[in-house]
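In the working numbering, the protein residues as written are 9 to 267. Note that beta-carbon positions come from the ideal geometry of N, C-alpha and C, so glycine has one too. These notes concern the structure reproduced below.
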């Protein structure tokens, strides 16, 4: 027994050294494995980001493909139903078509361009209104707004709120109304649309309807946390309110090196 303990005592430093070596090698292996996993995670994150951007781009393309024919049909239907005002409507239609054909393919347009497009669209829809119908359109632009002419607005982003108001209001009822307000100040683009709610069922859209859902999808893809959209009913008035934080959006675009 004494010889066994003597042997163990003399061999302990060597065994301890071997144990420490094994632990060091195992720790080194774990470190290298963790570094490899971290590198693989970074590669997967980059690939996920690339695929997400690719999917978002395809989603936008699908929405845009559906959106433009849908808009054409609604505009043409408005014009055909009121031939006596066709000349005036076609004059406005020219500006609307130019915007759809040449600007809607861009990822962003300026607030000035989008507001003018929306106003032309409203003028076309006016031919459906009763003379007693109340339609008010206001534009409030702050002085010296540097972002008003920068391309930060998704083209056609305003039309669904405006078309929705014309769809749900009783256009031939004298006490019905639609109010539209465009605001731009301190880097914020704000659109507020309110309309009296008709007792009649809303007219069906010719294309089957894309409307608010497609708009919200585009907002989520393009603006993420740089927008706020609310819609609610108050005293039999439907109100929709869209705010785009263009200052924050531009900061994010610049940080990614894309413009």
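Rounded to whole angstroms, what is the Cα-Cα separation between residue i and residue j?
{"i": "residue 143", "j": "residue 190", "result": "14 Å"}
{"i": "residue 248", "j": "residue 43", "result": "51 Å"}
{"i": "residue 180", "j": "residue 156", "result": "36 Å"}
{"i": "residue 194", "j": "residue 162", "result": "18 Å"}
{"i": "residue 199", "j": "residue 261", "result": "23 Å"}
{"i": "residue 221", "j": "residue 237", "result": "12 Å"}
{"i": "residue 117", "j": "residue 40", "result": "49 Å"}
{"i": "residue 115", "j": "residue 107", "result": "13 Å"}
{"i": "residue 102", "j": "residue 128", "result": "9 Å"}
{"i": "residue 226", "j": "residue 258", "result": "17 Å"}
{"i": "residue 3", "j": "residue 148", "result": "The question about residue 3 has no answer here: the residues shown for the chain are numbered 9 through 267."}
{"i": "residue 125", "j": "residue 201", "result": "16 Å"}
{"i": "residue 228", "j": "residue 170", "result": "19 Å"}
{"i": "residue 215", "j": "residue 82", "result": "Here residue 215 scores only 38 on pLDDT, less than 50, and its place in the model should not be relied on; the value that follows carries that caveat. Approximately 8 Å, taken between the alpha carbons."}
{"i": "residue 239", "j": "residue 166", "result": "14 Å"}
{"i": "residue 250", "j": "residue 185", "result": "19 Å"}
{"i": "residue 145", "j": "residue 49", "result": "52 Å"}
{"i": "residue 272", "j": "residue 131", "result": "For the chain, the structure presents residues 9 to 267; residue 272 sits outside this window and is missing."}
With DSSP collapsed to three states, give me the class of residue i.
{"i": "residue 237", "result": "strand"}
{"i": "residue 198", "result": "strand"}
{"i": "residue 127", "result": "helix"}
{"i": "residue 184", "result": "coil"}
{"i": "residue 106", "result": "helix"}
{"i": "residue 214", "result": "Here residue 214 scores only 37 on pLDDT, less than 50, and its place in the model is too uncertain to base an answer on."}
{"i": "residue 203", "result": "strand"}
Short of 8 Å in beta carbon distance, which residues of its chain neighbour residue i, apart from the five on each side in sequence? Order them along the chain.
{"i": "residue 120", "result": "156 and 157"}
{"i": "residue 255", "result": "155, 194, 195 and 196"}
{"i": "residue 224", "result": "237"}
{"i": "residue 134", "result": "143"}
What does a CB cutoff of less than 7 Å around residue i pick up in its chain, not counting 5 residues either side in sequence?
{"i": "residue 217", "result": "Here residue 217 scores only 42 on pLDDT, less than 50, and its place in the model should not be relied on; the value that follows carries that caveat. Result list for residue 217: empty, nothing under 7 Å."}
{"i": "residue 123", "result": "147 and 190"}
Excluding the 5 residues preceding and the 5 following residue i in the sequence, name in chain order all residues of the same chain whose CB lies nearer than 6 Å to its CB.
{"i": "residue 241", "result": "none"}
{"i": "residue 188", "result": "145 and 201"}
### Message
Any contact between the segment 108-115 and the segment 171-190? By contact I mean 3 or more CB pairs, one from each, below 8 Å.
### Response
no
Residue ranges of each alpha helix (DSSP H) within the segment 121-170, 4 or longer: none
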